[in-house]
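Trainee: Chains A and B, in that order, give the protein sequences. Residue 2 is where the first sequence starts when you use our numbering, and the numbers rise one by one after that. Residue 3 is where the second sequence starts when you use our numbering, and the numbers rise one by one after that. All residues carry an ideal CB built from backbone N, CA and C; glycine is no exception. Since the structure is predicted, the reported quantities are computational estimates derived from the model, not experimental observations. Dropping a structure here in structure tokens format, bear with me for questions.
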Amino acid sequence: MIWTEYFNLIKVLPGRIVTPRFGTLDFANSNLPVEKVRALYEDGFPYLQLTPLGMRELYPPPPLSALPEKSDFVILPEKRTRKNKI
Amino acid sequence: MIFEVTIFKIKETMDFADIGKLLTDGKNLGGLAQRIYFGLWSDVATWPVDAELPLTLDALGTSTGSIAMKPGKRMFELYTTEDAAKLDINVIGEEGGKGYEFLLHVFAPGLNKKLLGFMNATKNEDLVLIAQDSAGQFYLMGCEIRSAKFQASDGSGTGSTTDGRRGLGMTFAYRTHSLYEYTGTIPLTAAVPEP
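In structure tokens:
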């Protein structure tokens with residue numbers, strides 16, 4: 002997979018950007034390692050936006066088994082409402 | 003009770019700490035990288051900001067955020083000869099008004115017309131500059147209210163002997179209230195308008 006399928010470059014034209022973490026990277030190059038781009042995104046790099054595919058594949062929602070059990074929820078009693086008399 | 007705690011934190015804006023020998027694996031090479039980054043001060047759209055409520059010495063020595071350029075504008079690179087560039091940090095001002103002055107010295111080899119044009123274009127301009135030291139740390143010269151300025155030319159010309167060198171030696175100055183490591187990015191590609 003190439004990084005551009007997971008991330009969009011935003012606010013600048015494709016080209017070189019100096020990053021404190023990895024030095025100068027050329028974002029016109031589609032062969033940048035995805036893990037490197039992902040690390041920048043997680044650092045708060047201001048020129049990257051996650052694509053829907055990136056969101057699905059890099060940050061998938063937790064599986065249903067990881068969700069809290071139904072018994073963990075407290076079921077509140079139904080609220081009594083006062084009906085207006087007509 | 004909550005009100006009292008808040009007041010205490012605002013007053014306590016700095017938390018001193020022990021400072022040991024802060025070298026990573028003994029590395030401490032001097033000098034600057036052979037690239038300086040420059041741009042026009044008026045082309046910068048947003049600037050890094052001071053850390054809010056800096057409670058640690060680390061936070062007090064780091065600016066937060068990155069410079070971002072106006073649409074169509076970008077930062078540029080300037081090559082400098084190895085061991086010919088340095089960043090001096092001087093304390094300026096009188097008691098009660100002390101601050102700092104960065105002096106960035108660079109030497110660009112050759113007297114190429116592009117270099118001459120650079121000197122012509124920048125000598126009276128408001129600039130933003132970023133230098134990187136040999137440890138990889140960046141220093142930003144310029145902020146929202148003050149620019150870096152071309153201050154002097156040192157050693158510019160043809161040299162007097164054949165074992166001398168041709169080129170432009172330039173010194174840029176920037177005055178600031180605080181010293182920060184710049185931890186943001188440097189866009190060498192043009193900004194585009196946000197949708």
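Using only the alpha-carbon positions, how far apart do B:Lys-11 and A:Glu-6 sit?
Mentor: Since pLDDT at B:Lys-11 reaches only 46, below the 50 mark, its modelled position is unreliable, and the value read off the structure follows with that caveat. The straight-line gap from Cα to Cα measures roughly 45 Å.
Trainee: Check for me: the alpha helix (DSSP H) holding B:Thr-124 runs from which residue to which?
Mentor: B:Thr-124 -> alpha helix (DSSP H) spans 115 to 124.
Trainee: Have a look at B:Gly-28, B:Gly-159, B:Asp-60 and B:Arg-37 and flag the residue whose alpha-carbon is nearest the alpha-carbon of B:Lys-115.
Mentor: Minimum Cα distance to B:Lys-115 is reached at B:Gly-159.
Trainee: Would DSSP call B:Phe-18 helix, strand or coil?
Mentor: B:Phe-18: coil per DSSP, three-state reduction.
Trainee: Below 9 Å on C-beta distance, what does B:Thr-82 contact in chain A?
Mentor: Ordered by position in chain A, no residue passes the 9 Å Cβ test against B:Thr-82, which lies about 16 Å from the chain.
Trainee: Here's the rule I'm using: 16 or more other beta-carbon atoms within 10 Å means buried, otherwise exposed. How should B:Lys-151 be labelled?
Mentor: Per the 10 Å Cβ criterion, buried.
Trainee: Suppose you measure from the CA of A:Ala-67 to the CA of A:Pro-34; what does that come to, to the nearest Å?
Mentor: In a straight line, the C-alpha of A:Ala-67 is about 30 Å away from that of A:Pro-34.
Trainee: Just by C-beta distance, which residues in the stretch 125 to 153 of chain B are closer than 7 Å to chain A?
Mentor: Flagged, chain order: Phe-140.
Trainee: Exposed or buried, B:Thr-179, counting other C-beta atoms within 10 Å across all chains shown (16 or more means buried)?
Mentor: As written in the sequence, residue 179 of chain B is His, which differs from the Thr given in the question. B:His-179 is exposed by the Cβ-count criterion.
Trainee: Which one or two residues does DSSP pair with A:Leu-24 in a beta bridge?
Mentor: In the sequence under discussion, the amino acid at residue 24 of chain A is Gly, which differs from the Leu named in the question. Looking at the DSSP assignment, A:Gly-24 forms a beta bridge with A:Thr-20.
Trainee: Is it buried or exposed for A:Trp-4, if we count other Cβ within 10 angstroms and need 16 for buried?
Mentor: Buried, by the Cβ-count rule.
Trainee: Under a three-way DSSP split, which group does A:Glu-108 fall into?
Mentor: Outside the shown range of chain A (2 to 87) lies residue 108 of chain A, about which nothing can therefore be said.
Trainee: Please name the residue in B:Met-172, B:Ile-38 and B:Pro-50 whose C-alpha comes closest to that of B:Ala-81.
Mentor: Looking at the sequence shown, residue 81 of chain B is not Ala but Tyr. When each option's Cα is compared against that of B:Tyr-81, the closest is B:Ile-38.
Trainee: Buried or exposed: which applies to B:Ile-9, given that a residue is buried once 16 or more other Cβ atoms fall within 10 Å of its Cβ?
Mentor: Here the model assigns B:Ile-9 a pLDDT of 42, short of 50, so the residue's position is not dependable, and the following value carries that caveat. That one is exposed.
Trainee: Under 8 Å between C-beta atoms, does B:Ser-65 make it to chain A?
Mentor: Chain A, which has no Cβ nearer than 8 Å to the Cβ of B:Ser-65, makes this no.
Trainee: Please list, in chain order, the chain B residues whose beta carbon lies closer than 7 Å to that of A:Arg-17.
Mentor: Those within 7 Å of A:Arg-17 in chain B are Leu-190 and Thr-191.
Trainee: Return the residue from the list B:Leu-105, B:Gly-186, B:Asp-20 and B:Ala-137 that minimises the CA-CA distance to B:Gly-28.
Mentor: That would be B:Ala-137, whose Cα lies nearest to the Cα of B:Gly-28.
Trainee: Which chain A residues are close to B:Ala-70, counting only those with a beta carbon under 8 Å from its beta carbon?
Mentor: The contacting residues are Lys-12 and Pro-47.
Trainee: Using only CA atoms, which one of B:Glu-196, B:Gly-144 and B:Pro-189 lies nearest to B:Arg-177?
Mentor: Here the closest residue by C-alpha is B:Gly-144.
Trainee: Listing by chain order, which chain A residues have their CB less than 9 Å from the CB of B:Val-194?
Mentor: Correct list: Ile-11, Lys-12, Val-13 and Leu-14.
Trainee: Do you know how far the Cα of B:Phe-78 is from the Cα of B:Thr-26?
Mentor: Roughly 30 Å separates the two Cα atoms.
Trainee: Taking C-beta pairs closer than 8 Å, name the residues in chain B that A:Pro-34 reaches, listed in chain order.
Mentor: Ordered by position in chain B, no residue passes the 8 Å Cβ test against A:Pro-34, which lies about 18 Å from the chain.
Trainee: What does the Cβ neighbour count give for B:Ile-188, buried or exposed, with the cut at 16 atoms within 10 Å?
Mentor: So B:Ile-188 ends up on the buried side.
Trainee: Pairs of beta-carbons, one from the stretch 87 to 96 of chain B and one from the stretch 63 to 70 of chain B, closer than 8 Å: are there three or more?
Mentor: Result no; under three Cβ-Cβ pairs closer than 8 Å.
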